[in-house]
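Mapping of the sequence shown onto the working numbering: residues 18 to 495, in sequence order. Shown next, in structure tokens, is the structure this report addresses.
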Amino acid sequence: MNQVDVIVIGGGIVGTNVLRVLSQYQLKTLLLEKNTDIASGVTKGNGGVVHSGYDAKHGTLKAKLNPLGASMYPELAKQLEFSYENKGTLTVAFTEEELETLKQLLANGLANNVPGLRIVDQAEMRSIEPQVNPEAIGALYAPSAGITDPYEVAYACAENAINNGAEVKLNQSVTGIEKTDSGYKVSTQDNTYETRWVINCAGVYGDEIAKLAGSENYEIVERHGTLMIIEKAVGFELNATLFPVPGQATKGMAAIPACAGNIILGSTATMMEDKEATRFTKDEASELFDSASHLVPNLKRENIIRIFTGLRPVETHSNNDFVIEEDKEHEGLYHAIGIQSPGIAAAPAIAEYVVSLINEKHELIKKSDYNPLRKGLIDFSELSVTEKQQLVEDNPAYGHVICRCEIVTEGEILDAIHRPIGATTIDGIKRRTRAGMGRCQGGFCQPKIMEILHRELGIEFKDILLEDVGSNVLLEDK
Ligand SMILES: Cc1cc2nc3c(=O)[nH]c(=O)nc-3n(C[C@H](O)[C@H](O)[C@H](O)COP(=O)(O)OP(=O)(O)OC[C@H]3O[C@@H](n4cnc5c(N)ncnc54)[C@H](O)[C@@H]3O)c2cc1C
């Protein structure tokens, strides 16, 4: 039997941040992920806004962990070399009534200790973001907010944790959790592990993991959201994320300046009870575009290059809050579930918090040789001409462009495949390098990427997956 100290279930942004925090301690730590890749659940489909935390209801876990998480991002991004930009948010009012709502949000945000939060008049709002609709009369400005690529954060945390001794096993679906004298026996379809503690970070499946251990106290439903990507070549960029004044359930449909230079519009909010609902309707897409283009009138439908959906895990007994606690009836089983928005923003703080719950009881010992740093992938398109020349001289694979839209080279793809927890699927490469994320959405580079996966990993062409098991691209070998 495999013996470890802690098992983390789920390799989303929460589980990978938790794994990284655990890897600072003298513990044998294992993360189990059911999919072919980490960051392939809710973490792959969201807006990537590092919210400041002004709207999280004061007194909740969200209100505590969102501003804290947002404040941790700049340093974390430096240590782990992932994309992060401190572009603030403007929540835009069109009427006096909406301005009154902004004053309430300001008071809530100040109570949550959101730094620099203030209401700006029309002139200041337009100087921060000239693209905002000229009919808007003012905004709540949150300069501490930012944007990131959530899957990059997850890869970076997992790689850093692995380099500090943690283990990650993919394609391992947790199917059983049994109490033992010293902790738990956790089973997957292939293996059984003995562990002292289990941390449940299973996203929309968080309630099912709890049930496997006999805990019936949690129920997760899904708040479905649709997002759109606008191509880069629209003639303008946004300096800040623009939100409308929020409604009851979500922050509203925003225009987000993504790290890569695109604009993301998102997202809608529809309650569902379906853990795999990735469909969207034409009406949802239209509602989203109309709402976001009210904020930014220069947006044009013909610039939409992709529409996708995500599912926010909502725990039904938590009053819309995160659930981060030791199970009331199962000692040693910890939950970090119901992590709906702002789960990206809060993830680093959620991880510290859940590990602190273990630490309070068990006094974990830090490693003396823990290394918080991780080397990121090279982004060839961002280098100067001299740097590009030098790189190609050192490694000719960087002189071979595979994705023309995003200028991604073979060197970057090889690095994505061969680093710890490397890419094994087409979407795994896409999320690590951006190959396939441009205007043609992989039409040009996908066959080339398949050649590379076949050559480097020895995967037969018919077995190459877009993403999950069953998503084979070819019916037979070419
Ligand atoms: C439309 C939309 C927009 C959003 N925008 C933002 C935003 O701008 N900013 C923000 O802060 N937040 C945003 N969010 C919220 C954010 O995406 C989530 O809070 C966050 O991704 C949750 O991460 P997670 O790690 O809890 O879940 P996940 O990423 O889903 O990770 C859970 C993992 O557990 C694995 N798993 C499940 N069952 C098992 C099992 N039996 N065995 C092994 N592994 C298992 C899954 O495969 C998955 O990889 C948005 C969400 C949506 C849907």
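Using N, Cα and C, we set each Cβ at its ideal position, and we do this for glycine too. From a predicted model like this one, the values you see are computed outputs, not experimental measurements.
Regarding R448 and ligand 1, is the C-beta to nearest heavy atom distance less than 6 Å? Here residue 448 refers to the residue found at position 431 of the sequence shown. For ligand 1, not one heavy atom lies less than 6 Å from the Cβ of R448.
Hey, would you say G327 sits closer than 7 Å to G29, going by beta carbons? Translated into the one-based positions of the sequence shown, residue 327 becomes position 310. Translated into the one-based positions of the sequence shown, residue 29 becomes position 12. Cβ atoms of G327 and G29: not closer than 7 Å.
Does the distance between the C-beta of S88 and the nearest non-hydrogen atom of ligand 1 fall short of 6 Å? Your numbering for residue 88 matches position 71 in the sequence shown. Not under cutoff, so the answer is no.
With C-beta atoms as the reference, is K299 less than 7 Å away from N279? Stepping through the sequence shown from its first residue, residue 299 is reached at position 282. Stepping through the sequence shown from its first residue, residue 279 is reached at position 262. In terms of Cβ geometry, K299 and N279 do not form a close pair [threshold 7 Å].
I'd like to know whether the C-beta atoms of K95 and Y168 end up nearer to each other than 7 Å. As a position in the sequence shown, residue 95 is number 78, starting the count at 1. As a position in the sequence shown, residue 168 is number 151, starting the count at 1. In this structure, the beta-carbon distance from K95 to Y168 does not fall below 7 Å.
Does F253 pass the burial test, meaning 16 or more other C-beta atoms within 10 Å, or should it be called exposed? Reading the sequence shown from its first residue, position 236 is the one you call residue 253. Classification for F253: exposed.
What's the call for K384, buried or exposed, on a 16-neighbour Cβ count within 10 Å? As a first step, residue 384 must be located in the sequence shown, where it is residue number 367. Only exposed fits K384, as fewer than 16 other CB atoms lie within 10 angstroms of its CB.
Just to confirm my understanding: we take A409, look at its own chain, exclude 5 residues before and 5 after, and list those with CB closer than 6 Å. What are they? Locating residue 409 in the sequence shown gives position 392, counting from the first residue. Reading the sequence as shown, one finds Val at residue 409 and not Ala. The answer, listed in chain order, is Y415, G416.
Grab me the residues of G64's own chain with a C-beta within less than 7 Å of its C-beta, minus the 5 sequence neighbours each way, in chain order. Within the sequence shown, numbered from 1, the residue matching residue 64 stands at position 47. Only L244, A271, I273, I281, G283, S284 meet the Cβ criterion.
What ranges does the beta strand (DSSP E) occupy inside the region 279-324, keeping only unbroken runs of at least 3 residues that lie completely in it? Runs of the beta strand (DSSP E) lying entirely within the region 279-324, each at least 3 residues long, are 280-283, 287-289 in chain order.
DSSP three-state assignment for F260, whether helix, strand or coil: Here residue 260 corresponds to residue number 243 of the sequence shown, with the count starting at 1. It is a strand residue.
When you compare only the Cα positions, how much space is there between I194 and L229? Residue numbering aside, residue 194 sits at position 177 when the sequence shown is read from its first letter. Residue numbering aside, residue 229 sits at position 212 when the sequence shown is read from its first letter. In this structure, the alpha-carbon of I194 lies about 6 Å from that of L229.
What three-state label does DSSP hand H75 in the structure shown? In the sequence shown, residue 75 corresponds to position 58, counting from 1. DSSP, reduced to helix, strand and coil, places H75 outside both helices and strands of the structure shown, so it counts as coil.
Starting from Q41 and walking both ways along the alpha helix (DSSP H), at which residues does that stretch end? Within the sequence shown, numbered from 1, the residue matching residue 41 stands at position 24. Note, Q41: premise wrong, no alpha helix (DSSP H); not H, not E.
Cβ distance (whole Å) where H352 is taken to contact D344 below 8 Å: The residue you call residue 352 lines up with position 335 of the sequence shown. The residue you call residue 344 lines up with position 327 of the sequence shown. Confirmed, Cβ separation roughly 6 Å.
Between A368 and V149, is the Cβ-Cβ spacing less than 7 Å? As a first step, residue 368 must be located in the sequence shown, where it is residue number 351. As a first step, residue 149 must be located in the sequence shown, where it is residue number 132. No. Outside cutoff.
Taking the C-alpha atoms as reference points, what is the distance between R391 and E176? Looking up residue 391 in the sequence shown gives position 374. Looking up residue 176 in the sequence shown gives position 159. Taking the straight line joining both Cα atoms gives about 7 Å.
Per DSSP, S204 is paired with what? Working through the sequence shown from its first residue, we reach residue 204 at position 187. For S204, the beta-bridge partners assigned by DSSP are G193, T209.
Tell me the residue span of the beta strand (DSSP E) that contains K249. As a first step, residue 249 is located in the sequence shown; it is residue number 232 there, counting from the start. In the DSSP assignment, K249 falls outside any beta strand (DSSP E) and carries neither an H nor an E.
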